[in-house]
Amino acid sequence: MALFTKEEALAYHERPRRGKTEVIPTKPCNSQKDLSMAYSPGVAEACLEIKDNPDAAALYTGKSNLVAVISDGSAVLGLGNIGPLAGKPVMEGKGVLFKTFADIDVFDINLSVSSAEQLIEVTKTMEPTFGGINLEDIKAPECFMIEETLKREMDIPVFHDDQHGTAVISGAGIINACEITGRNIADLKVVVVGAGAAGIACSKFYVELGVQRENIFMFDSRGLIHQGREGLNKYKAEFAQAKDHGNLAECLDGADCFLGLSVKNLLSKEMVASMAPNPIIFAMANPDPEIPYDDAKEAVPTCIMGTGRSDFPNQVNNVSGFPYIFRGALDVGATEINEAMKIAAAKALAALAKEPVPAEVCEMYGVDSLEYGLDYVIPKPLDPRILEWEVPAVAQAAMDTGVATTPIADMDAYRNSLRERIAASRERVAAFVSSYGE
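Structure representation (structure tokens):
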């Protein structure tokens with residue numbers, strides 16, 4: 001049953017103020033002195049400090065807490081290539097999530113560009129403005145080259161959430177699913193359907209976690225990716241099997257894990273039943289998974305089933321990743337978001353799922369309890385404890401790998417400060433929003 005009507009959704013975006021974000025000043029400007037310090041002549045003092053010491057921009061501007069959400073609208077989730085203007089509501093929404101969950105400010109940058117190279121060049125010019133770049137809803141394979149180039153040529157974190165957000169959250173689920181079912185991650189046979197940004201990034205991340213590359217069977221719209229096929233781009237070729245092992249049903253026979261990032265009703269109950277005992281199924285087609293939850297459970301009651309939906313157990317939701325990964329990266333002045341930081345995020349989420357779940361989290365989801373097991377392998381996206389588990393883990397990994405420029409000396413104090421910071425941010429935002437009235 002839908003939670004809202006079309007009219008309600010449109011009204012939400014239109015009233016009482018159009019759009020979902022607003023830029024407001026953080027300093028008073030009520031007197032002549034305020035005006036003189038905010039702009040001329042007082043602003044010159046900050047400008048000259050930064051001219052002499054570029055690192056001072058973190059003290060005298062909002063750069064270190066400002067992320068650009070950049071998109072060309074070529075692959076908007078569930079909507080396809082709708083262009084940058086139609087994609088703008090999504091990018092504004094991303095800004096809301098960054099602010100709500102991690103107190104990170106966002107400018108959404110929706111680019112009308114004619115090539116990946118142009119998007120790269122435009123984005124590079126914005127480095128003085130931002131502390132980080134979140135690439136969003138850019139089609140494959142261009143998105144891979146864009147991110148690779150920007151990471152190499154920029155000195156601030158660049159992160160394509162469509163790739164790595166899904167990878168980190170589902171990776172946390174796989175870590176725990178292996179433990180629950182008594183599997184060794186190195187022995188997993190994984191079947192991936194969907195060779196776009198998320199499918200390829202997830203597969204790469206699973207390899208980082210310990211899955212053997214030769215044990216990943218990846219399908220695109222033409223079938224199994226194997227070395228006998230022509231026209232494979234280099235990103236798909238990385239996961240090409242040595243030979244053609246057959247269709248989806250044949251490859252799923254005896255498989256431990258299914259990862260779906262494709263279309264609904266692709267997976268049958270018979271296919272699920274043919275998998276290894278206690279299979280791991282992450283069916284994340286949007287809005288309807290590759291197999292209905294009830295069908296998968298009917299086929300194998302002991303399967304671990306995850307989807308992108310909030311109305312079923314084990315929701316794989318990127319909001320459990322990107323705000324916290326960026327928070328940790330920004331707070332240590334990281335020059336990049338590397339594999340160690342993403343693995344730290346996944347392991348932190350996996351560890352949190354084993355902790356007792358507070359009653360208030362259960363109440364949010366209308367359940368009496370949540371216990372680590374088949375139907376709870378990753379924390380719920382709205383669990384406030386994610387902040388204190390994931391962010392410090394990411395920050396620590398940045399420091400351990402030498403990409404932090406402003407390391408944190410006292411991690412316990414930092415963890416406590418995060419809780420206070422987000423509470424204060426939400427209080428400010430709530431007061432501001434309520435001032436608009438109904």
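Each residue of the sequence shown is one higher than the one before, starting from 1 at the first, in the UniProt record's numbering. Every residue gets a Cβ at the ideal spot worked out from N, C-alpha and C, and that includes glycine. Note that the coordinates shown come from a computational prediction; the quantities given were computed from them, not determined experimentally.
Residue i versus residue j: straight-line alpha-carbon distance, rounded
i           : j           : result
residue 75  : residue 45  : 44 Å
residue 240 : residue 167 : 19 Å
residue 374 : residue 430 : 36 Å
residue 435 : residue 361 : 28 Å
residue 292 : residue 121 : 43 Å
residue 461 : residue 35  : In the structure displayed, the chain extends from 1 to 438; residue 461 sits before or after that span and is not available.
residue 349 : residue 390 : 7 Å
residue 427 : residue 234 : 48 Å
residue 97  : residue 83  : 22 Å
residue 405 : residue 249 : 50 Å
residue 133 : residue 369 : 38 Å
residue 184 : residue 56  : 48 Å
residue 40  : residue 47  : 11 Å
residue 418 : residue 392 : 9 Å
residue 411 : residue 276 : 42 Å
residue 262 : residue 219 : 10 Å
residue 438 : residue 16  : With a pLDDT of 49 at residue 438, under the threshold of 50, the modelled position of that residue is not reliable, and no figure is offered here.
residue 161 : residue 385 : 21 Å
residue 355 : residue 173 : 15 Å
residue 180 : residue 266 : 26 Å
residue 253 : residue 182 : 19 Å
residue 341 : residue 22  : 31 Å
residue 344 : residue 387 : 13 Å
residue 351 : residue 324 : 16 Å
residue 80  : residue 6   : 19 Å
residue 339 : residue 273 : 34 Å
residue 169 : residue 62  : 29 Å
residue 366 : residue 432 : 29 Å
Expected contact under 8 Å - CB spacing of residue i and residue j to nearest Å
i           : j           : result
residue 198 : residue 163 : 6 Å
residue 322 : residue 159 : 7 Å
residue 441 : residue 43  : No answer is possible for residue 441: it lies beyond the span of the chain, which begins at 1 and ends at 438.
residue 394 : residue 328 : 3 Å
Residues near residue i by beta carbon distance below 6 Å, same chain, minus five either side
i           : result
residue 303 : 279, 281, 296
residue 269 : 295, 299
residue 441 : Residue coverage of the chain in this structure runs from 1 to 438, which leaves residue 441 outside it and unanswerable.
residue 439 : What is shown of the chain runs 1 to 438, which leaves residue 439 out entirely.
N- and C-terminal bounds of the alpha helix (DSSP H) containing residue i
i           : result
residue 145 : 142-153
residue 305 : Looking at the DSSP string, residue 305 is not in any alpha helix (DSSP H); the run it does join, the beta strand (DSSP E), is 304-306.
residue 331 : 322-331
residue 225 : No alpha helix (DSSP H) contains residue 225, which DSSP labels as neither H nor E.
residue 191 : Segment 190-193 is the beta strand (DSSP E) holding residue 191; no alpha helix (DSSP H) there.
residue 29  : First-last for residue 29: undefined, no H or E at that position.
residue 9   : 6-14
residue 283 : First-last for residue 283: 280-283, but that is the beta strand (DSSP E), not the alpha helix (DSSP H).
residue 83  : 83-102
Boundaries of the beta strand (DSSP E) in which residue i is found, first to last residue
i           : result
residue 109 : 105-110
residue 158 : 158-160
residue 218 : 216-220
residue 71  : 66-71
Nonlocal neighbours in the same chain, by C-beta distance under 8 Å from residue i, ignoring five residues either side
i           : result
residue 13  : 19, 20, 89
residue 93  : 20
residue 175 : 185, 209, 346, 347, 350
Heavy atom of the ligand FMN within 7 Å of residue i beta-carbon
i           : result
residue 376 : Ligands displayed in this structure: none; no statement on the ligand FMN is therefore possible.
Beta-carbon contacts of residue i that lie in its chain and below 7 Å, excluding the five residues immediately before and after
i           : result
residue 264 : 285, 288, 289, 290
residue 116 : 142, 145, 146
residue 381 : 315, 317, 319, 320
residue 91  : 69, 71, 108, 110, 136
residue 372 : 353, 354
residue 77  : 137, 286
is_contact[residue i, chain C] using C-beta, thresh 8 Å
i          : result
residue 86 : Among the protein chains of the structure shown there is no chain C, as only one such chain exists.
Cβ contact check for the segment 143-157 and the segment 287-303: 3 or more pairs under 8 Å
no
(request) Would you be able to state if there are at least three C-beta pairs under 8 Å between the segment 324-343 and the segment 398-407? (result) yes
Q | Any 3 or more C-beta pairs closer than 8 Å across the segment 112-129 and the segment 303-319 | A | no
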